[in-house]
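Each residue of the sequence shown is one higher than the one before, counting from 507 in the numbering used here.
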Amino acid sequence: MSMQQKLDELMHLRGQARLGGGQERIDKHHAQGKMTARERINLLVDEGSFEEFDMFKAHRCTHFGMEKKQFLGDGVVTGYGTIEGRLVYVFSQDFTVLGGSLSETFAEKIIKIMDLAIKNGAPVIGLNDSGGARIQEGIESLAGYTDIFLRNVMASGVVPQISAIFGPCAGGAVYSPALTDFSIMVKNNSYMFLTGPKVVKSVTHEDVTVEELGGAMMHATKSGVADYAAENGIDAISYVRKLFSFLPQNNVENPPYLATEDSPNRREEYLNQIIPENPNAAYDMKEVIHRTVDNGEFFELKELFAPNIITGFARYNGFCVGIVANQPCHLSGVLDIDSSIKGARFVRFCDCFNIPIVTFVDVPGFLPGTNQEYNGAIRNGAKILFAYAEATVPKVTVVTRKAYGGAYCVMSSKHLRGDINYAWPTAEIAVMGAKGAVEVLYGREAKKKDDPAKFLLDKEKEYAEKVANPYGAARRGYVDDIIEPARTRFRIIKALGMLQNKRDTNPMKKHGNIPL
Ligand code: HXC
């Protein structure tokens, strides 16, 4: 064979591999409004940057006539490329090849790039669209999954891991995305569940649709598994690219700096009026965030899940931060099980990857009730406390209004190693709200009065004036300063600048034992 013939053969085989399961299946896939595995990669990485591995890899299964069902690449496209010039490892499951089902060799391809990612300190992005374990292979495919899970765990806290789900992701296959840092799902086309509707029906007799059981909206609103429910594949990929722009390559690098024209001195007069006169009236904490961060740009995560706490990334004077904030617009910003878990996981991510944490506090306390207690409010509330306490990245806290009781303690307080703790003059830092406190202290006495309601109201005012303000905390140094709300951006930027070289450690240990 001449060199030219050999090159022609190579080109022919490459072309065959690129067709995955063949044109017919690609057309069917497109007809469902889905992109192919390669189209997704092309959209994700910088043009021309993708280097593919293992295009010729083929499975070794001989059961059930599988020796005749060979597809070059075996159903997953793997390799590396760049996003905005930064290295990233990618795998993309190809549903057109045997339903994107995972075989032993398919797993080996994923493992190869995960090992490289850990060694070379670059993030892994997994694009999932698979019918699960390759049924013809059985145990080898289970082994393959578990080998991937092990890498997910080993890579956790070393390199960021992002999963996007474009189609089915069922059974044990869900655990790889679950082990990664972020999961993005596509509305109407993707689903994740441990067992499908048929099994659910036979075991629990529930009638449930695929969408209700494991669709993107369910996971984005109820389970908290999805960080974002994308409108379509393109939206999912652009969300992943944006998310990536805030993340460092690995745990020994800092997140990328993005120079900004937005002045660090910018005042926001509106913030001097944002807190309503009525302490029980709501206001939108996202306003506070948008008005203080660079260019008003806030990249929110898990927006639809536990909206009483807000989590996401933004930049102050070009430097990336993670923002955690109570949201008075939802359940008065109360801490409950879901919001504690959401906040805790985000704080831990930031701490793994050298991302300073800015916390805005307006929290009336932990949500009371049997529902919360029965479901482990104590165990779950402890998670956010644990996460803040162990975090050694710079921590800047701004109390805008309420910081009551245990919720004061856990929301990045000075006592949990908050580095800089500011309060607005509107802050109320106390063991509990005036109404509750007065009922405990004067409830019995009030009954003896001619006008108990007026008596309690007067006492409430007295309590609020005496205790529910930031000065008690300031006198003790629990807040470092009481700041003018309009100057919040400037003060946060100053604090973060001062903390830029912060070094703090925890005692030597194998790992802590966060309450799970
Ligand atoms: C082998 C599979 C497959 C699988 C799909 N295919 N899933 N082949 N192993 N797991 C093949 C189909 O036979 C078909 O081949 C092609 O992929 C496309 O599948 P369709 O069924 O035609 O597609 P669609 O109607 O869109 O349905 C998609 C689907 C369905 C809902 C995913 O295929 C399905 O229910 N698959 C089985 C899912 C499953 O039970 N997986 C195992 C879960 S257990 P042809 O040649 O006809 O085109 C598991 C354990 C993991 O994953 C444990 C890890 C610890």
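Glycine included, every Cβ here is placed at the ideal spot set by N, Cα and C.
Practice task
Count the CB pairs spanning the stretch 592 to 599 and the stretch 724 to 739 that are closer than 8 Å, and state whether there are at least three.
Solution key: no
Handout entry: Which of helix, strand or coil DSSP assigns to Met723
Key = helix
Exercise for the section: Count the other C-beta atoms from every protein chain shown that fall within 10 angstroms of the C-beta of Glu643, then say buried if there are 16 or more, exposed otherwise. Expected result: buried
Practice task
Measure the Cβ-Cβ separation of Ile624 and Val665 and say whether it is below 8 Å.
Solution key: yes
Handout entry: Those residues which DSSP pairs with Phe699 across a bridge
Key = Ala676
Practice task
Return helix, strand or coil for Cys826, following the three-state DSSP convention.
Solution key: strand
Exercise for the section: Just mark Met791 as buried or exposed, buried being the case when its beta carbon has 16 or more other beta carbons within 10 Å. Expected result: buried
Problem - Asp514 in three-state terms, based on DSSP - result: helix
Handout entry: the stretch 772 to 785 touching the stretch 883 to 892, judged by at least three CB pairs closer than 8 Å
Key = no
Practice task
Report yes or no: do three or more beta-carbon pairs, one from the stretch 920 to 936 and one from the stretch 843 to 853, lie closer than 8 Å?
Solution key: no
Exercise for the section: For Ala913, verify whether its CB is less than 7 Å away from any heavy atom of ligand 1. Expected result: no
Problem - At least 3 beta-carbon pairs within less than 8 Å: the stretch 665 to 679 vs the stretch 525 to 533 - result: no
Handout entry: Assumed close pair Val985, Val864 - CB separation to whole angstroms, cut-off 8 Å
Key = With a Cβ gap of about 15 Å, Val985 and Val864 do not count as contacting.
Exercise for the section: Taking 8 Å as the cut-off, decide whether the C-beta atoms of Gly702 and Ala676 are in contact. Expected result: yes
Practice task
List the residues that DSSP assigns as beta-bridge partners of Ser689.
Solution key: Ser669
Exercise for the section: Measure the alpha-carbon distance for Leu741 versus Tyr734 and round it to whole angstroms. Expected result: The sequence given here places Asp at residue 741; Leu does not occur at that position. If I take the Cα positions, the gap works out to 10 Å.
Exercise for the section: Pick out whichever of Asn738, Asn548, Lys704 and Gln510 has its Cα sitting closest to the Cα of Gln538. Expected result: Asn738
Exercise for the section: Please find out if some non-hydrogen atom of ligand 1 comes closer than 7 Å to the beta-carbon of Pro674. Expected result: yes
Handout entry: For Val902, the first and last residue of its enclosing beta strand (DSSP E)
Key = Lys901 to Tyr910
Practice task
Out of Pro900, Val973, Gly983 and Ile989, state which residue places its alpha-carbon closest to the alpha-carbon of Asn1007.
Solution key: Pro900
Problem - Sequence-distant residues of its chain with Cβ nearer than 8 Å to Tyr789 (five each side left out) - result: Ile780, Ile781, Pro782, Pro834 and Cys835
Practice task
Taking Ser647 as part of the alpha helix (DSSP H), name the residues at either end of that continuous run.
Solution key: Ile645 to Ala661
Practice task
Compare the C-alpha of Asn756 against each of Leu837, Leu807, Met660 and Thr817 and name the closest.
Solution key: Met660
Exercise for the section: Measure the alpha-carbon distance for Tyr969 versus Lys920 and round it to whole angstroms. Expected result: 24 Å
Handout entry: Nearest neighbour of Ser918, chosen from Arg997, Gly912, Glu934 and Tyr894 [CA to CA]
Key = Tyr894
Handout entry: alpha helix (DSSP H) segments (min. 4 residues) lying fully within the stretch 774 to 804
Key = 791 to 798
Exercise for the section: Report yes if the C-beta distance between Ile1023 and Arg982 is below 8 Å; otherwise report no. Expected result: Examination of residue 1023 is not possible in this model, given that the chain is present from 507 through 1022 alone.
Problem - Same chain only: Cβ atoms within 6 Å of Ala765, ignoring 5 sequence neighbours per side - result: Gly824
Practice task
Could you check if Arg821 is buried or exposed, using at least 16 other CB atoms within 10 Å of its CB as the buried criterion?
Solution key: buried
Exercise for the section: Flag this pair as yes or no: are the beta carbons of Ile795 and Leu549 separated by less than 8 Å? Expected result: no
Practice task
Would you kindly work out how many angstroms separate the C-alpha atoms of Ile861 and Val709, rounded to a whole number?
Solution key: 44 Å
Exercise for the section: Going by CA-CA distance only, name the one from Glu803, Leu656, Lys955 and Val869 that's closest to Cys915. Expected result: Val869
Practice task
Out of Cys826, Phe811, Leu810 and Val830, point me to the one whose CA is closest to Thr817's CA.
Solution key: Val830
Exercise for the section: Measuring alpha carbon to alpha carbon, tell me which of Ser838, Val799, Gly802 and Thr798 ends up nearest Pro813. Expected result: Ser838
Handout entry: Rounded straight-line distance, which links the Cα of Arg747 to that of Phe859
Key = 18 Å
Exercise for the section: Report yes if the CB atom of Gly606 is closer than 8 Å to the CB atom of Asp635, and no otherwise. Expected result: yes
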